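Residue numbers in the sequence shown follow the numbering used here, run continuously in steps of one, and reach 324 at the last position.
Notes to accompany the following structure.
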Amino acid sequence: MSTARTSPARRHRALRIGGWVVAVLLVLVLVFLVWAHIVMQGTRSAALTVWRDDRVSVRDAGDSVVMTPTGTPDGVGLVFVPGAKVDPYAYMATFRQVVADGTTVIITKPTLNLAFFDTRALSVFQAHAPDVRTWAVGGHSLGGVRACQLADGPDVAGLLLLGSYCANDLSDSDLDVLSVSGSRDGLSTPDKVAAARDELPSDATMTQVTGANHADFGAYGAQPGDRTATISPDEARRAITAAIESWVRDLR
Numbered sequence: 073m074s075t076a077r078t079s080p081a082r083r084h085r086a087l088r089i090g091g092w093v094v095a096v097l098l099v100l101v102l103v104f105l106v107w108a109h110i111v112m113q114g115t116r117s118a119a120l121t122v123w124r125d126d127r128v129s130v131r132d133a134g135d136s137v138v139m140t141p142t143g144t145p146d147g148v149g150l151v152f153v154p155g156a157k158v159d160p161y162a163y164m165a166t167f168r169q170v171v172a173d174g175t176t177v178i179i180t181k182p183t184l185n186l187a188f189f190d191t192r193a194l195s196v197f198q199a200h201a202p203d204v205r206t207w208a209v210g211g212h213s214l215g216g217v218r219a220c221q222l223a224d225g226p227d228v229a230g231l232l233l234l235g236s237y238c239a240n241d242l243s244d245s246d247l248d249v250l251s252v253s254g255s256r257d258g259l260s261t262p263d264k265v266a267a268a269r270d271e272l273p274s275d276a277t278m279t280q281v282t283g284a285n286h287a288d289f290g291a292y293g294a295q296p297g298d299r300t301a302t303i304s305p306d307e308a309r310r311a312i313t314a315a316i317e318s319w320v321r322d323l324r
């Protein structure tokens, strides 16, 4: 009985095909990594407003941006997850007044700038503010989806969703939930927010800012796929800040 052998030509062809497959995969990985690291940068003028506010202290902790009040803290801390490929510093202006009022805000730096890939525990970020007594978690867009997952823990009292919604069921939780959406949001549209309403507790506060779009929840300019806002960024930020301040008062 004879044993079939692979000819040198076939072996060469198989090796060549295998080499091409590996090369294509490497190119795809490289393209993805380059794409993931191209983020929507925070608006310089908005960031400068925060840096110049002596009521707010900002430090880079490596894995996050930590904002703390220079005055008397209120004991509340928020771990906030950015939207996909959005510079964490772009959210400093969103929380400037909230921090000035006493709340600590830790803005995470997601793995590959995408919350989907960030599997770190909430405790990693809470460690940057050991004096906080009451913790909440929040996020914008895809960051909000990740925040909903992190919120399902015994040491979390509140959940903040900015232009976002949950993909997991938190309806039976005791979380103090605030969902702020924009009527002109082209990504987390009003219909999508409404469709996911049942994932939240029945007493969740649902606030819609008329005229605000998806990018109004940060300060990083226009975003592809978004709709045009019909109010100014300052007007949107004031409305968003007012809603967050009211929510924080319930957590104290």
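Quick reminder that beta carbons are idealized off the backbone N, C-alpha and C, glycines included.
Predicted model only: the values in this text are computed from it and were never measured.
Between Ala301 and Arg256, the C-beta spacing is below 8 Å. The residue among Val151, Thr183, Arg85, Asp132 with its C-alpha nearest the C-alpha of Val320 is Val151.
At a Cβ-Cβ threshold of 8 Å, Leu231 and Cys220 count as neighbours.
Taking 8 Å as the cut-off, the Cβ atoms of Val204 and Gly147 count as close. When C-alpha distances from Thr313 are compared across Ala187, Thr279, Asp270, Met112, the shortest belongs to Thr279. Judged by their CB atoms, Gln113 and Gly149 are not nearer to each other than the 8 Å cut-off. Linking Asp244 to Asp190 through their CA atoms gives a straight-line distance of about 25 Å. CA-to-CA, the gap between Asp224 and Ala276 works out to about 15 Å. Under the rule that a run must span 3 or more residues, the beta strand (DSSP E) segments found entirely inside the segment 223–259 read 230–234, 248–254. If the five residues before and after Pro182 are omitted, its C-beta is found closer than 6 Å to the C-beta atoms of Asp190, all from its own chain and listed in chain order.
Here DSSP, grouped into helix, strand and coil, assigns Arg321 to helix.
Under the three-state reduction of DSSP output, Pro305 falls in the helix class. In the three-state DSSP reduction, Ser195 falls in the helix class (H, G or I).
According to the DSSP assignment, Asp263 belongs to the alpha helix (DSSP H) that extends over 262–267. Rounded to whole angstroms, the separation of the alpha carbons of Val177 and Ala308 is 20 Å.
Ranking Val158, Ala172, Arg218 by CA distance to the CA of Pro296 puts Val158 first.
Inter-residue distance for Pro202 and Gly143 is about 17 Å (C-alpha atoms, whole angstroms). Between the segment 249–265 and the segment 118–135 there are fewer than three C-beta pairs closer than 8 Å, too few to call the two in contact. With a threshold of 16 other beta carbon atoms within 10 Å, Arg324 falls short and is exposed.
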